Every structure is written in C-alpha cells, then in structure tokens.
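Protein sequence lines correspond, in order, to chains A and B. Residues 817 to 1140 (the working numbering) make up the first sequence, in order. Residues 176 to 412 (the working numbering) make up the second sequence, in order. Input: a single structure, listed below in structure tokens.
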Amino acid sequence: MFDYFLQQGTNALSAGSLYAMMAVGLALIFSILRLINFAHGDVMMIAVYLFVFAGFAGIPILPSLLIMLVGTILIGLVMERIAYRPLRGGPEVALLLSSFAVGQILQNSALLASRLAGKPVQISFPAPELLSGAISLGPLLVPKLNVASFLIGTVLLALLTVFVTRTRLGLSMQAVAEDLPAARLMGIKVNRVVMVAFAIASGLAAVAGYLYASQAGQINPELGFTPVLKAFIAAVIGGFGSLSGAVLGAYLLAFLEVIPTTFAGIADILPPGTVSPGVHDLIAQVLPSSLASYRDAFVFVFLILMLLFRPNGILRGRAREDTP
Amino acid sequence: MPEPMLTIDSLSVFYGSIRAVDGASLRVDAGETVALIGSNGAGKSTLLKTISGLMRARSGTISYAGSDITRASTDRIVALGISQCPEGRRVFGRMTVRENLVLGGIGRPAADADRDIERMLELFPRLRERLTQSAGTLSGGEQQMLAIARALMSMPRLLLLDEPSLGLAPLMVELVFRIIDDLKAQGLTMLLVEQNVHHALDSADRAYVMETGRIILEGPAEAIRHDPRVEQSYLGV
C-alpha cells in the first residue's frame, strides 16, 4: 500500500519537473516583459519537430538534440526580436495578442512542414533506447523517462538558480524584473537581458518538449497547449513572476493531479482485512474509480480557490515599478 | 575658464500632450555643483530623466563633454560617465546591499567590483554592517546612502541627484548634504534637484529655478538665495 503511494509520488515528481521547466520559462519572461507568453507551449512543440525532422534528414540522435536545442533558442530570439520588441512599452495586451499570433505561426509551420515532407499530422515519437524501460528503486518500478525527467529538471533548475543569483547577468535580470527604470539607470543593457531570458526559456522548453514527447510517444502541432496551460497554472499558484514560486507551483500542481488518480478506486486495491467490509464499501462509494476522470476539474477547482483566497500566489509575485 | 560638461539647449519634453519641460536651457561646468530648484511638478525630475535617456526630448539638445547625447541609450549615457540617483531612491529592495552595489557598477569590468565596493564602504561605513541584508529592510536614510553609493559605483564624472533628502528625518537630511559636500570637495560635478532650497543653495555653486517647465531664473547660489521671487516662493522669508 505504501509502495503504491510512493509510486504515485514518483509520477508526480517527474510530471512536476516537466511543468517546472516550462513554468520557470513563463515566469522568467513575465518578470522581465510583463508578457504571458502563450506561444511558450508552441516553442516547446517546435523543438520536438526540429528534433524529429533532423531525424528524418538522417542526422543521428546526438547532433539532432543539438539542432533541437540551438534551433529552439534561435527561434525564441527571433520571436522576441520580431514579435515582442517592437511592441515593448505599448499596452501589455498587445504583447499578449502577439504571443497568440506567434503560437499560430509556429503551429502552422509544423503542420506545413509535415505536409511538405509527406508526414501525417500525428508523428510517432518513440522514446530513445537509453530511456526506455524502467528501473527498480527498492520496491518501486520507475520508468527511466520519469527518472530522467526528474534528474534533468532538477539539474537545470539548479543551474538556473546559480545563474540568476550568482552571476552579474543574473543579477541584472533580477534588477530589470524588480524596477525597470532603475535597472536602466545602472547602465544595464535591457535588450541583452531580455534576449538572455528568451534564450533560457526556449532552451528549457526544448528539453521539456523532448522529455514530454518521449512520454507521450507521438507528437502533433498542438502538443504544446496542455503543457503551457499547466505551466501557466503552476506559475499562478506559485505567484506569477517569481521563479521559485513557479517551481513550487509546478510540483504542487503535479501532486494535486495525482491525488484523484491515487484515491479513485482505492477500495479495490486495499489489502484485504485492513478495513471492515462496511468501511470498504463506504470508501468504494465515496471514491469510485470513475473519479480519476475528474482530475482536471479537481485542479481547476483548486486554482479558483487559490485565485479567490490568495490571488498573488503562494510566494506572492510582486508588481514591478515601471514608471520612469 | 571651466569646461562646460553638460549643456542643455532649449529642451522640450512631453508627457503625452502635457509639456513637462518647455524650452529649458542649462549648463553644468566641470567641478561645479549646480542646484535645480522649483516647486512640485515644475519639470525638474523630467529634465533629469531626459538627461539619463529614460525620457525622450521632443525638441532641443543635450550635449555632454562635447558629444550629443540627446538620443543616446541610457546604458551608453552611463558608460559616458553620467550617473543618476533617482527620486525615491529606487534601491532594489529584494536584493542585498552588496548586490545593489554590484549592479551600480555593472558596466565596469567585473574584476574592479570588489575594489569599488570597498571604496564605497569606506565612504559610507553604515552600509558595511548591512552588506548582506536585503536593501528593502534598510531605513530611509540608509537606503538613500545606498542609492548614492550605487550611483557612484559607475565612477561617474557627472552625478545627477534627484531629491536626495526627500522624506528623510532631519538628522538624515544633514547627513545627506554632508555627503554631497564631501563629494563636491573631491571634485565631483553634480546637478542637484531639491525641494530643500536652503540646503541646496548652501551646497551649490550656481542654481537654476524652474517653474511650469521653464527656467525662470539662474545665477550664483548666493544671488538666487537673495532674489525676492525665491525668498517669497521657496524660502518663506
């Protein structure tokens, strides 16, 4: 029984790491530009397509991964330069609308590329051999992909933390996020800071995309929608604009999501004799296995309660000083 | 004959359709401390923001050490040697005192940061005890010292100070003006915007008086102090 909970816990840790990699990118860009970059999920999608198409071109896996990473970062930078920089200083809603446009362009590019290459809309995405199968951790059998997601996520987020808190560029980033005019008075090159933020966010999205697609087993141009939505919820729960909040929110969200799955139909797997038959029936009635399908409803109810009672998030993302 | 360090010529700046600065001309010579006084909303802060490139002039020019900086970016202006300590201090409250100082010198070689910080701590010993504290926890006076130290971290040749004594306790006001006098004695050129007209005129060599976006009066600080208009409007004589 305990193993069962532990198993669900490892699922949550793995999903949480993916959400965190995405949420931190959203939060990073939001903290600097006040833009909720809804194209972020499509950046993640395009990364996966870059990888797949590199494979179609006969390029081996390691160079393909490199192409995916570098290509996605470049796309992120181009997106910032063309779609967001000209709108900076304008109304925030203009940036938001622009991000929807970017998302559509990326989705249609993926669709067009598939058509031109004579591929179906759904392309299979087998997990690499190295990450297929599971490893046993004590009593648990954990898919290697989950272990990899957790480890890669943790390492990258740790590196990001070091970058943001220990380097001059990272400090500049924090300064821009806290008070833009004051940051400019320090002589910080704001454009450079924005570009670095987009590069980091896009790179993280590429890695998350690869792991996400490997778990899903197939890809399509709309695959970024669910992850960006989850990342958005995670960032809201944590306190929008706060990087640590986004990470915290991501793991919290992942654990919230496994709760319905864990307890739905739990009566069926209770070891016999642990509870009296009456209690067993009660549990089966209160927590039927059909409850699992209410997973998203459960999460959204939590989100609404969160917005009602703690609208600034757990770590209370704070508004930035923007008046010069 | 001293070199003109900063020359502002018929500058006009708008907030939307409101003319905040209206054809203002002003000069700061090397080694001088110049005070810019005037009531709230006269356009003093707007003028400083435009010098630093945070706001753009509609017309007129700003030149510094012989080159036109009217349209230069803020980071370029800082690199050229103009630093501003903004109104309301604007320290990065979530970051430590040390990090604030590092950010002040962000345009300079990283290798010099420690030495520069040490220099600032000798100038502002109070900050040394607070070095690892987040700037938001400092008192108003300490924050003002940090803001000045941070502005000095870029090793400016011209320091723009916007209302450095605003909202401070009387003892702190004294301290801030003592710091300004010290910097002046070290030969730093300063343009000082102040509502505390008494103190500003004590520290300044020359002064300008601004009203509704226009410079209405200029001259040596002593002459400005005894001008009947200034006595009546600002000194309450």
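Glycine included, every Cβ here is placed at the ideal spot set by N, Cα and C. All figures in this text were calculated on a predicted structure; none of them were measured in a lab.
{"Query": "Within chain B, the residues that Arg1000(A) reaches when beta carbons sit closer than 9 Å", "Result": "Ser227, Gly228, Leu229, Ser248, Thr249, Asp250, Val253"}
{"Query": "Cross-strand partners of Val368(B) (DSSP beta bridge)", "Result": "Leu211(B), Asp337(B)"}
{"Query": "Ile951(A) - DSSP class collapsed to helix/strand/coil", "Result": "strand"}
{"Query": "Own chain partners of Gln1031(A) with C-beta closer than 6 Å, once the 5 adjacent residues on each side are dropped", "Result": "Leu961"}
{"Query": "Within 9 Å of chain A by C-beta, residues of the stretch 268-292 of chain B in sequence order", "Result": "Gly268, Arg269, Met270, Glu274, Asn275, Val277, Leu278, Gly279, Gly280, Ile281, Gly282, Arg283, Ala285, Ala288"}
{"Query": "8 Å Cβ cutoff, Ser329(B) in contact with chain A", "Result": "yes"}
{"Query": "Cα-Cα separation, Leu363(B) to Glu207(B)", "Result": "8 Å"}
{"Query": "Opening and closing residue of the beta strand (DSSP E) in which Ile237(B) lies", "Result": "234-239"}
{"Query": "Per-residue DSSP class, three states only, for Arg305(B)", "Result": "coil"}
{"Query": "Members of the stretch 987-1014 of chain A near chain B, C-beta cut-off 7 Å", "Result": "Leu987, Ser988, Gln990, Ala991, Glu994, Asp995, Pro997, Ala998, Arg1000, Leu1001, Met1002, Gly1003, Ile1004, Lys1005"}
{"Query": "Meets three-Cβ-pair contact criterion under 8 Å: the stretch 841-855 of chain A and the stretch 982-994 of chain A", "Result": "yes"}
{"Query": "Test: Arg1136(A) CB closer than 8 Å to a CB of chain B", "Result": "no"}
{"Query": "Pairwise C-alpha distance: Ala326(B) and Leu975(A)", "Result": "30 Å"}
{"Query": "Asp819(A) versus Phe869(A): straight-line alpha-carbon distance, rounded", "Result": "40 Å"}
{"Query": "is_contact[Gln259(B), chain A] using C-beta, thresh 8 Å", "Result": "yes"}
{"Query": "Sub-8 Å separation of Phe840(A) and Tyr1026(A) beta-carbons", "Result": "Looking at the sequence itself, residue 840(A) is Val, so the reference to Phe does not match. In this structure, Tyr1026(A) does not lie closer than 8 Å to Val840(A) by Cβ."}
{"Query": "As assigned by DSSP and simplified to three states, the class of Asp402(B)", "Result": "coil"}
{"Query": "Closer than 9 Å at the beta carbon, the chain A residues around Arg265(B)", "Result": "Asp995, Pro997, Ala998, Leu1001, Glu1137"}
{"Query": "Contact under 8 Å by Cβ, Gly282(B) with Gly315(B)", "Result": "no"}
{"Query": "Outcome for Asn924(A) when other beta-carbon atoms lying within 10 angstroms are tallied against a minimum of 16", "Result": "exposed"}
{"Query": "Three or more C-beta pairs below 8 Å linking the stretch 302-310 of chain B and the stretch 272-291 of chain B", "Result": "yes"}
{"Query": "Where Arg984(A) meets chain B, residues with beta-carbon distance less than 9 Å", "Result": "Val277, Leu278, Ile281, Ala285, Ala288"}
{"Query": "DSSP three-state assignment for Ser187(B), whether helix, strand or coil", "Result": "strand"}
{"Query": "Bridge-paired residues (DSSP) for Pro936(A)", "Result": "The partner list for Pro936(A) (beta bridge, DSSP) is empty, contrary to what the question assumes."}
{"Query": "Close beta carbons around Pro879(A), own chain, < 8 Å, minus the five adjacent residues each side", "Result": "Ala870"}
{"Query": "Beta-carbon contacts of Tyr383(B) that lie in its chain and below 6 Å, excluding the five residues immediately before and after", "Result": "Leu201, Leu211, Ile390, Glu393"}
{"Query": "Inter-residue spacing [alpha-carbon to alpha-carbon] between Tyr1110(A) and Phe1079(A)", "Result": "12 Å"}
{"Query": "Residues near Asn1007(A) by beta carbon distance below 6 Å, same chain, minus five either side", "Result": "none"}
{"Query": "Local Cβ density within 10 Å of Pro395(B), reported as buried at 16 or more and exposed below that", "Result": "exposed"}
{"Query": "Rounded straight-line distance, which links the Cα of Pro261(B) to that of Asp380(B)", "Result": "22 Å"}
{"Query": "Proximity winner among Ala1024(A), Ala873(A), Leu890(A), relative to Ala933(A) (alpha-carbon distances)", "Result": "Ala873(A)"}
{"Query": "Limits of the beta strand (DSSP E) - the one that Val203(B) falls within", "Result": "193-204"}
{"Query": "Candidates Gly191(B), Asn215(B), Thr225(B), Pro179(B), of which the one nearest Ala199(B) by Cα", "Result": "Thr225(B)"}
{"Query": "Nearest candidate by alpha-carbon position, reference Leu806(A), set Lys1046(A), Leu1059(A), Val1095(A)", "Result": "Here chain A covers residues 817 to 1140 and nothing more, so residue 806(A) does not appear."}
{"Query": "Reduced DSSP category for Ala1062(A) - H, G, I as helix; E, B as strand; rest coil", "Result": "helix"}
{"Query": "Rounded C-alpha distance that separates Leu912(A) from Phe1125(A)", "Result": "26 Å"}
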